[in-house]
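Remarks on the structure that follows.
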Amino acid sequence: GPKVLQIPSHQIIDMGQMVTLNCDPVSNHLYFYWYKQILGQQMEFLVNFYNGKVMEKSKLFKDQFSVERPDGSYFTLKIQPTALEDSAVYFCASSLGGSTEVFFGKGTRLTVV
Amino acid sequence: QQQVRQSPQSLTVWEGETAILNCSYENSAFDYFPWYQQFPGEGPALLIAIRSVSDKKEDGGFTIFFNKREKNLSLHIKDSQPGDSATYFCAASGNNNNRIFFGDGTQLVVKP
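Here you go:
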């Protein structure tokens, strides 16, 4: 089926540094999402993105977070600066429309040390 | 406020039994309820979904029973197999809201 690719699968970064997580969504999808998961538990919504804009973001989407998808390339999540509590698995997802099937990538495990 | 709640947190059944996973939600505007299956080290994958106009949806050995009045639903996994051992997330969205709200998940173990 359709695949969402996430690069890299693992990233270790020093606290205070910048990190960019990359996502290649399903090719004809229009809506993009980032979720955060800690210890295989609840999937926490961070942000959704459509038509070049953030549509909604949660309280977890701190000021240090930003997203963009320049010219239809990767959909990225940037954290600058990183903090220890940002350590988690970040899942990118995409969908064709609202209330339609959302496809998830395999996640990027981010470890901030 | 948690929008989607799941119970139990973990469930162990024997191979061949029916596993029943429960879910309830807060927002009456939700109209789309997907269930996701997640294996360790993988992303969630859509298993089966139901819209609020239906009260039942079957796909293979998976069945969703939906009660709009009570704002709850359940996933029944018939003839459970060890390969069904995973975490199952109930989710909800609606009102053309692009955001999917997830429950905390039920960790299912199927013993051979």
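Heads up: the sequence lines are chains V and D, in that order.
If you're matching positions, the first sequence starts at 1 in the numbering used here and goes up one per residue.
If you're matching positions, the second sequence starts at 1001 in the numbering used here and goes up one per residue.
Each residue gets a CB set at the ideal place from its N, CA and C atoms; glycine is no exception.
- Task: Would you verify that the beta carbon of P1044 (chain D) is, or is not, closer than 7 Å to some beta carbon of chain V?
- Result: Stepping through the second sequence from its first residue, residue 1044 (chain D) is reached at position 44. At least one chain V Cβ lies under 7 Å of P1044 (chain D).
- Query: For the beta strand (DSSP E) that contains L5 (chain V), what are its first and last residues?
  - Reply: On the first sequence, residue 5 (chain V) is found 5 positions in, with the first residue counted as 1. That run of the beta strand (DSSP E) goes L5 to I7.
- Roughly how many angstroms separate the alpha carbons of V113 (chain V) and E1058 (chain D), rounded to a whole number? The count along the first sequence starts at 1 and reaches residue 113 (chain V) at position 113. The count along the second sequence starts at 1 and reaches residue 1058 (chain D) at position 58. Going from the Cα of V113 (chain V) to the Cα of E1058 (chain D) covers about 46 Å.
- Message: So within the segment 36 to 65 of chain V, which uninterrupted alpha helix (DSSP H) runs reach at least 4 residues, ignoring any that extend past its ends?
- Response: Listed in chain order, nothing qualifies, since the segment 36 to 65 of chain V has no complete alpha helix (DSSP H) run of 4 or more residues.
- Task: Kindly confirm or deny that the segment 80 to 98 of chain V and the segment 1075 to 1083 of chain D touch, where touching means at least three C-beta pairs closer than 8 Å.
- Result: The segment 80 to 98 of chain V makes no contact with the segment 1075 to 1083 of chain D: fewer than 3 CB pairs, one atom from each, lie closer than 8 Å.
- Task: Report the option in D:V1053, D:V1110 and D:W1035 whose CA atom is closest to the CA atom of A1029 (chain D).
- Result: Translated into the one-based positions of the second sequence, residue 1029 (chain D) becomes position 29. Relative to A1029 (chain D), the option among D:V1053, D:V1110 and D:W1035 whose CA is nearest is D:V1053.
- Query: Applying the criterion that 16 or more other CB atoms from any shown protein chain within 10 Å of the CB defines a buried residue, is I1050 (chain D) buried or exposed?
  - Reply: Counting from 1 along the second sequence, the entry for residue 1050 (chain D) is found at position 50. Buried, by the Cβ-count rule.
- Chain-ordered neighbours of P1040 (chain D) on chain V, where CB pairs are closer than 8 Å: In the second sequence, the residue the question calls residue 1040 (chain D) occupies position 40. Here the neighbours are G40.
- Message: For Y74 (chain V) and Q64 (chain V), I'd like the C-alpha separation in whole angstroms.
- Response: Stepping through the first sequence from its first residue, residue 74 (chain V) is reached at position 74. Stepping through the first sequence from its first residue, residue 64 (chain V) is reached at position 64. Pairing Y74 (chain V) with Q64 (chain V), the inter-Cα distance amounts to about 19 Å.
- Pull up the CB-CB distance for A1092 (chain D) and V1004 (chain D), whole angstroms please, since I reckon it's below 8 Å. Walking along the second sequence from the start, residue 1092 (chain D) turns up at place 92. Walking along the second sequence from the start, residue 1004 (chain D) turns up at place 4. Correct: roughly 5 Å between the Cβ atoms.
- Does the distance from the C-beta atom of G1103 (chain D) to that of Q1006 (chain D) stay below 7 Å? To locate residue 1103 (chain D), count along the second sequence from 1; it is residue 103. To locate residue 1006 (chain D), count along the second sequence from 1; it is residue 6. G1103 (chain D) places its beta carbon less than 7 Å from that of Q1006 (chain D).
- Message: 7 Å is my cut-off, CB to CB: does F1030 (chain D) come that close to chain V?
- Response: The residue labelled residue 1030 (chain D) in the question sits at position 30 within the second sequence. No, no contact with chain V.
- One or two residues paired with R109 (chain V) in a DSSP bridge: The residue labelled residue 109 (chain V) in the question sits at position 109 within the first sequence. Secondary-structure assignment with DSSP links R109 (chain V) through a beta bridge to V:H10 and V:V89.
- Task: Give the single residue among V:K3, V:R109, V:R69 and V:E44 whose Cα lies nearest to the Cα of K59 (chain V).
- Result: Working through the first sequence from its first residue, we reach residue 59 (chain V) at position 59. The option with the nearest alpha carbon to K59 (chain V) is V:E44.
- What residues match up with R1005 (chain D) in a beta bridge as DSSP calls it? Here residue 1005 (chain D) corresponds to residue number 5 of the second sequence, with the count starting at 1. For R1005 (chain D), which the question treats as bridged, DSSP gives the partners D:S1024.
- How is the beta strand (DSSP E) around Y1036 (chain D) delimited, first residue to last? In the second sequence, counting from the first residue as 1, residue 1036 (chain D) sits at position 36. Y1036 (chain D) -> beta strand (DSSP E) spans Y1032 to Q1038.
- Nearest chain V C-beta to R1005 (chain D) closer than 7 Å, yes or no? Looking up residue 1005 (chain D) in the second sequence gives position 5. By this cut-off, R1005 (chain D) is not an interface position.
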